[in-house]
Amino acid sequence: MNEQLIQTITKLVVEKLKSNEVSQPSAGTADVQIKLHSKQATGALTELPPPENPNGKVTFHQTTSAKPEKKSAVHPQPAEKTISKQEEFIEELKKKTPSRIGVGRAGSRPKTNTWLQFRLDHAAAVDAVYGEVPDKILHQLDLFQVQTRVKDKEEYIRRPDLGRKLSDEAKELIKKRCAFSPSVQIVTSNGLSAKAIEENLEDVYLSLVQSLGNLGIETGTPFYVDKGRVALMDEIGDVLQPDVVVMLIGERPGLVSAESLSAYLCYQPRIGTIEADRMVVSNIHKGGIPPVEAGAYLGTLIQKILKYEASGVSLVKKEG
Ligand code: B12
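According to the UniProt record's numbering, the sequence shown is numbered sequentially starting from 1.
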């Protein structure tokens, strides 16, 4: 290439670069101000003193020749805690209930432990309501299954009335498979806690059947209703005409237990039965009434209902 031409091009490029160093706002960016870093130092830097060990020697902190004081093995005694009368009173109350009382607070909020425990118990409650009873338990106890008029869990929660009615198929099936007009009809249902059934049904049921057997009380053909409500026993009573219905059903989970079972009982429940004629043995779980004990107790209670031909408030009145 021509040397002169190279020089001319180089000169033009250098001039172009130099002219670019001074920022000239273009037509399109006229209102945008770009501040370039100044090449001139604005603040004077103080000269640093030369390093003490220019050879890169490392110096250590001076250690003392005196031996460090030995730490005592005995822990310092905390200042004696004085328990006020009020604290003592709260401690006494706490012993009497599993409710969350006297849990304290951190500022305006619950303490971390309290909050985490609440979240855990709440999750257990949700699981209990939305959970399913394992088929294995129903097979083990030889319980056949029927449905109410409820389609799914959401509807079960929103429409208690539908949980109080048998589906058409359920009516047909129980008519076909169950003994008619027994002394006692045992009905089981997940209700509001599948976990309650999973944890307690086997023990309560077997001990109840045994207890009724020992007392010479005849039982009908037991079955399981998915998503049932307590008052479903009225329609079952209408269809099967038993003397007593005992319904073993999962309780609405509280924050104390999510696996608590209840036994609702009624003498001759029929459509139109009033609530006052029902009775309940609640809180059946390992932290409440032990399931086996509950089953045995229910047997004696049913014996009483049959004797007085009444339940609930009517039983109390008749018993005097
Ligand atoms: C929810 C509830 C209620 C709700 C029921 C409304 C509803 N649709 O859910 C309301 C607020 C109306 C209620 C009222 C009463 N309740 Co209540 N209730 C409960 C609770 C918290 C859960 C019950 C449950 O999960 N049932 C299962 C679901 C699937 O049933 P359900 O078909 O949806 O609803 C029916 C049952 O809940 C039943 N029911 C509810 N409470 C009671 C109480 C008795 C004595 C009977 C026979 C039936 C019954 O009535 C509902 C409608 O048919 C329990 C606590 C527990 N640990 O069980 C206390 C509990 C069962 N109730 C109790 C009591 C004392 C009553 C009342 C007598 C209070 C009063 N003085 O008025 C009334 C009676 C109501 C009735 N039906 O005869 C006690 C029973 C004590 C006992 N062993 O006898 C319990 C155990 C609470 C307690 N620890 O004290 N209750």
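Using N, Cα and C, we set each Cβ at its ideal position, and we do this for glycine too.
The model shown is predicted, which means the values in this text are computed figures rather than measured ones.
For N190, no beta strand (DSSP E) encloses it, and the DSSP letter there is neither H nor E.
Straight through space, the alpha carbons of I174 and K165 are spaced by roughly 13 angstroms.
The beta-carbon distance between V239 and K171, rounded to whole angstroms, is 6 angstroms. This is short enough to meet the 8 angstroms contact definition.
Q86 counts as exposed, since fewer than 16 other C-beta atoms from the protein chains shown sit within 10 angstroms of its C-beta. In terms of Cα proximity to N200, the closest of N214, V316 and P134 is P134.
Sorting E198, I186, S260 and S108 by C-alpha distance to the C-alpha of Q268 places I186 at the top. Relative to ligand 1, the beta carbon of E259 is positioned no closer than 7 angstroms to any heavy atom. Using a Cβ-Cβ distance cut-off of 8 angstroms, the segment 240-254 and the segment 119-136 are in contact, since at least three pairs of beta carbons, one from each stretch, lie closer than that value. Here the segment 227-236 makes no contact with the segment 102-110; the two share fewer than three CB pairs at distances below 8 angstroms. Membership of A310 in any beta strand (DSSP E) is not indicated, and neither H nor E is assigned to it by DSSP. Sequence-distant Cβ neighbours of I271 in its own chain, meaning closer than 7 angstroms and more than five residues away, are D234, E235 and D238.
Rounded to whole angstroms, D277 and A310 show a C-alpha spacing of 8 angstroms. Look at the beta carbons and you see the segment 89-100 not touching the segment 203-219: under three pairs across the two are nearer than 8 angstroms. Contact annotation: the segment 134-147 does not touch the segment 281-295, with fewer than three C-beta pairs closer than 8 angstroms. Placement of the Cβ of V230 at a distance of less than 7 angstroms from at least one heavy atom of ligand 1 is found.
DSSP, reduced to helix, strand and coil, places I101 outside both helices and strands of the structure shown, so it counts as coil.
Using a cutoff of 7 angstroms, the CB of G191 counts as near ligand 1, since one of the ligand's heavy atoms is closer than that. Contact between K195 and E259 is confirmed by a C-beta separation of about 4 angstroms, below the 8 angstroms threshold. In this structure, L265 places its C-beta atom within 8 angstroms of the C-beta atom of V246.
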